[in-house]
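Chains as they are written, first to last, in my numbering: chain V, 1 to 594; chain Z, 1001 to 1100.
Just so it is clear, CB atoms sit at the ideal spot from N, CA and C, and this is done for glycine as well.
Worksheet for the structure shown next.
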Amino acid sequence: MSKKRLALVGMPNTGKSTLFNRLTGAGAHVGNWPGITVELLSARLLLGDSMVELVDLPGLHNLHGFSEDEKVARHFIETQPVNGLLVVLNANQLDRQLGLVLQLKDIGLPLFLALNMADEAAARGIKVDAARLSEELDMPVHMISAKHGQGIAQLRTELTAWLRQHPAPIAVRSAALEHDDQLEIRLEDLVHNTVHVPRELPETLTDRIDRHLLHPWLGIPLFFLLVLTVFQLVYGIGKPMQDGLAWGLGALKSAWLAPALASLPAWASSFLLDGLYDGIGTVLTFLPIIVVFFLAMAVVEDSGYLTRAAFLVDSLMARMGLDGRAFVLQLMGFGCNVPAMLGTRVMRSRPQRILTMITIPFSLCSARLQVFLFFTSAVFTPAAAPWALFSLYVLSFLIAFLTAFIWRGPAQHAREPMVMEMPPYRLPTLAFLVRQSWRDATHFLRQAGGFIVLGVALVWFLTHFPLDAVPAGPDTLAGIAAHWVEPLFSPLGIESLLSVALLFGFVAKEVVIGSLAVIYGAGPTELSGVLAQRLDWVQAYSFMLFTLIYTPCLSALATLRREGGVGPMLLSMAWSLALAWTASFAFYQIASRW
Amino acid sequence: MTPSDLDLPGLDATGLDATGLTRLDAYPTGRCGTVVRIDAEFDLTARMKALGITPGRRLRVIRRAPFRGPIQVRCGQTDLILRRADASHIQVCPYIPPQE
């Protein structure tokens, strides 16, 4: 049994990742490659009698591209020996995408061509003569639909046979990447001979939808309406599920766990029940909302609407030194800031990339959403709560814009071109959504299994040691720490114990709610009652403002350091702390006197 | 220039009028045009070509974003958005449909 390696190459929006998932299933892992600084997704698949490692390269438009993603893909092709390249093209757009194949052919690696979205092309009346194409290009050509699984079985069979002909990995001569002679003429001939496109393409559903969604005056209001609808939907579906889960966990504790642990020493049962169980349980109740939220994000991301959002707001963003893509990444940051920061790799200008990365942490990510859901529903009336939440989203944008405006500096003049594809509207398949939500749920649980457990355990220790002190009282370690930071937080209306939770929120915002449960000795169901009792709305909102703005979690900081360097990371940290304090201070001082 | 790509059968030299060149950002919405020349830097030109904008190809400005935002251009089977500043590097002439 021999080990082979195959790289998956293609332009963005060709369904490359869908094919990768289709071929490899769930077994993908992120690997580091010698000499390549970014992580690439790879997975093993069994083709015939050989184990093949399939590496998913970032999307590239052409071999001479200068974006970070394109450089990574080219660098991989130049330095890592492979048995061949599996090239994915969008069968609808062969008129331009075959140019990439011609470029790749010049570097002398064996190529296997998969024409994806064959179903979409057929529906539009586009005919591809795959046999002729294969003959002209002298490589296997196969039509597939990765999304619906058509042609995948044959693809595997043909890949197996093809790999047998190319048993040894090859390293390319990088010099061959330098020239493309007469590429356009060759492309024209090739397309002319093998692809037939109807003279007039009928008006598509996408065109009809875009007439409204991209309307010069209605477009932007519709965008905000859409965002609001998505959040109302998440709230409407997720909240009842969360309440149900909280009730269930509470019932389990009082009916079964508490009696079962009654024989343990008081401190041990307090640690297990008030520490671990309440802390983790409170975080766990957010699982349904997070899954619903990420599902909604997946639909929006997959639909192609984000490019349209970039189109609508680009000129407004330009005034702040950012561009439409930065705005889209900010929207993606609503899910999690880290992948959104990684998304800045499509930008070529470094100042602009750094500026965008500094603004992304102000995106109200799903971890902060948990805190805000909890506080708004505890302190505000059911009618006012969604609006309080919405106001935080609006603030999240405004603060990001303010940040960009203040720090725009060199990025302002480093305007890089924005030329990108606007794909037609597409809907993800149900199978994709199921897989996606499974992945998000397990990701969330892994996090909960890691530092959230550690965090709540530590919070329990701080709020219960020395053991003879009143839990979370002034004599405990947490009480003493809170006393130190009190001069800093009391002008913000944030009581000392809440500031301890903020301390832990520095590690990850997911820990905040869990540590509050431990600090107040309350389970998922009781905590909102406790909060409502101790805080008025001004104090609660001040706390939420601080949580929204202050230093993003450790993973975001680590990403910022890796992608941007130490300087931008320190800037982001200092700026967000200063801004959070100032904003909460101003809000509390004004609102509490009103 | 040879007959270009598939969606413009019959385009030939008569479709190009050197005196009637317009920058793409100023080209009227909804009208078909033919790309004559791209004057952008190497990298941007390469990106445009990869996305289908090459001399000889027909394209159409679909719409313009408000506040002097980007323009949406259809070229072959691909819809693109370009900033007006970037589009200004592309010289277009009116597309004259072939006589049948």
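Judged by their CB atoms, residue 1087 of chain Z and residue 1071 of chain Z are nearer to each other than the 8 Å cut-off. The three-state reading of DSSP puts residue 166 of chain V in coil, since its state is none of H, G, I, E or B.
By the C-beta density criterion, residue 406 of chain V is exposed, having fewer than 16 other C-beta atoms within 10 angstroms. The DSSP assignment places 366 to 379 as complete runs of the alpha helix (DSSP H) inside the region 362 to 400 of chain V, in order along the chain (cut-off: 4 residues).
With a beta-carbon spacing of about 6 Å, residue 392 of chain V and residue 372 of chain V fall inside the 8 Å limit used to define contacts. A direct Cα-to-Cα measurement between residue 300 of chain V and residue 265 of chain V gives close to 51 Å. For residue 64 of chain V, the chain Z residues whose Cβ falls inside 7 Å of its Cβ are 1046, in order along the chain. Under the DSSP assignment, residue 544 of chain V falls in the alpha helix (DSSP H) whose first and last residues are 537 to 549.
Minimum Cα-Cα distance from residue 286 of chain V among the listed residues V:500, V:238 and V:400 corresponds to V:238. Residue-level contact check: residue 1038 of chain Z does not touch chain V, since none of the beta carbons of chain V fall below 8 Å from its beta carbon.
In this structure, DSSP gives residue 570 of chain V a helical state, which the three-state scheme calls helix.
DSSP, read as helix, strand or coil, puts residue 486 of chain V in helix.
Note that the C-beta distance between residue 457 of chain V and residue 276 of chain V is below 8 Å.
Distance from the CA of residue 249 of chain V to the CA of residue 79 of chain V, rounded to the nearest whole angstrom, comes to 53 Å. At a cut-off of 8 Å, the C-beta of residue 1030 of chain Z has no neighbouring C-beta in chain V. Interface residue (Cβ-Cβ distance to chain V less than 8 Å): residue 1065 of chain Z is classified as such.
Counting only unbroken stretches of 4 or more residues, the alpha helix (DSSP H) elements lying wholly within the region 264 to 352 of chain V are 266 to 270, 278 to 284, 287 to 303, 305 to 318, 324 to 332 and 337 to 342, in sequence order. Each of Z:1097, Z:1089 and Z:1069 was checked against the Cα of residue 1043 of chain Z, and the nearest Cα belongs to Z:1089. Take residue 505 of chain V, set aside five residues on each side of it, and the residues of its chain with a beta-carbon closer than 7 Å to its own are 511, 512 and 547, in chain order.
Under DSSP, residue 1032 of chain Z forms a beta bridge with Z:1060. Rounded to whole angstroms, the separation of the alpha carbons of residue 572 of chain V and residue 1069 of chain Z is 29 Å. Boundaries of the beta strand (DSSP E) around residue 50 of chain V: 50 to 56.
According to DSSP, residue pairing for residue 421 of chain V in a beta bridge involves Z:1080. If you draw a 10 Å sphere on the C-beta of residue 294 of chain V, you find 16 or more other C-beta atoms in it, and that means buried. Linking residue 151 of chain V to residue 312 of chain V through their CA atoms gives a straight-line distance of about 38 Å.
For a Cβ distance threshold of 7 Å, nothing in chain Z lies close to residue 303 of chain V: the least Cβ distance comes to about 15 Å. If you compare the alpha carbons of V:467, V:485, V:3 and V:426 with that of residue 207 of chain V, the shortest gap goes to V:426. Scanning its chain for C-beta atoms nearer than 7 Å, with the 5 sequence neighbours on each side dropped, one finds no residue around residue 397 of chain V. Residues of the same chain with a CB within less than 8 Å of the CB of residue 423 of chain V, apart from the 5 flanking positions on each side, are 13, 304 and 307 in chain order.
In this structure, DSSP gives residue 182 of chain V a state outside helix and strand, which the three-state scheme calls coil. Interface criterion met: the Cβ of residue 1072 of chain Z is under 8 Å from a Cβ in chain V. Taking residue 1096 of chain Z as reference, the option from Z:1024, Z:1047, Z:1058 and Z:1051 with the minimal CA-CA separation is Z:1058. Here residue 1094 of chain Z is bridged, per DSSP, to Z:1033.
In the DSSP annotation of this structure, the continuous segment of the beta strand (DSSP E) that includes residue 4 of chain V starts and ends at 3 to 10.
Taken through DSSP and simplified to helix, strand or coil, residue 127 of chain V comes out as strand. Using a Cβ distance threshold of 8 Å, residue 329 of chain V and residue 340 of chain V count as a contacting pair.
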